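S.K.:
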Amino acid sequence: MSVPLGGRGRRSGLRPVALCLSLAFAQAAASNAPLTLPPAQEQRAVAIQKNLRCPLCDTGESIADSRSDISIKMRESVREQIADGRSDSEIYTFFSQRYGNFVLLDPPKTGRNLLLWGGPLLALAGGGAALWAFLRRRDTGPVAAAQATPDAEPYDSYLEQVRRDTGGGGA
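Numbering (mature numbering (1 follows the signal peptide of the UniProt record, and there is no 0)) for the sequence shown: -28 to -1, 1 to 143.
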């Protein structure tokens, strides 16, 4: 028995093809859709994204603010790692190993980075100590000793003439 090609047989052959195509499109759309997280994990993901620098942006933008393709992939990776249950430090370590400490907007305060964090404070303290020493030395110099004696007045001939005429010795 043969089924005629004209009517019902042709339509029933298209259904599996249409079903396969719709499943393929649904899978492609699902893979492009961002992973949805509960609100607490979403806040955590945003906080981590704000502490990671875009490796391509010259302005030092975080991946949360950047629109580059690598930042989009890094944001997706942060979400996936949070969904997998990794801690913040594990996520930062993952990106640090992959891109270096440059990717961290708040690098760890150890090793050479300690010099970068403490250097400005040491320079400020050294400058303050030098200023204090300079001002202290200036106050104990010979000019300060001459100003300290009350009888030492600059010579003024007119003042001397007034004192003689009035018979007064002091001011």
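C-beta: ideal position from N, C-alpha, C; glycine also. Keep in mind it's a predicted model, so treat the numbers as computed, not measured.
Find the nearest neighbour of residue 77 within the set 92, 22 and 56, judged by alpha-carbon distance.
M.R.: Ranking the options by Cα distance to residue 77, first place goes to 22.
S.K.: Since residue 171 contacts residue 54 with CB under 8 Å, what's their CB separation in whole angstroms?
M.R.: Nothing about residue 171 can be read from this structure; the chain reaches only from -28 to 143.
S.K.: Can you give me the Cβ contacts of residue 47 inside the same chain, cut-off strictly under 6 Å, excluding the 5 residues immediately before and after it?
M.R.: Once the five neighbours on either side are set aside, the close Cβ partners of residue 47 are 21 and 35.
S.K.: Excluding the five sequence neighbours on either side, which residues of its own chain have a C-beta within less than 7 Å of the C-beta of residue 43, listed in chain order?
M.R.: Once the five neighbours on either side are set aside, the close Cβ partners of residue 43 are 26 and 35.
S.K.: Helix, strand or coil, according to DSSP, for residue 107 in the structure here?
M.R.: The answer is helix: DSSP assigns residue 107 an H, G or I state.
S.K.: To the nearest angstrom, how far is the alpha carbon of residue 82 from that of residue 69?
M.R.: Cα to Cα, the separation comes out at about 16 Å.
S.K.: Is it the case that the Cβ atoms of residue 17 and residue 51 are separated by a distance below 8 Å?
M.R.: In this structure, residue 51 lies closer than 8 Å to residue 17 by Cβ.
S.K.: Quick one: residues in its chain with C-beta nearer than 7 Å to the C-beta of residue 40, no 5 flanking neighbours on either side, listed in chain order?
M.R.: Only 26, 28 and 29 meet the Cβ criterion.
S.K.: Could you work out which residue in 108, 13, 12 and 33 is closest to residue 74 when comparing CA atoms only?
M.R.: Checked all of 108, 13, 12 and 33; the closest Cα to residue 74 is 33.
S.K.: Figure out for me which residue from 84, 7 and 107 has the closest Cα to the Cα of residue 45.
M.R.: Measuring from the Cα of residue 45, the nearest candidate turns out to be 7.
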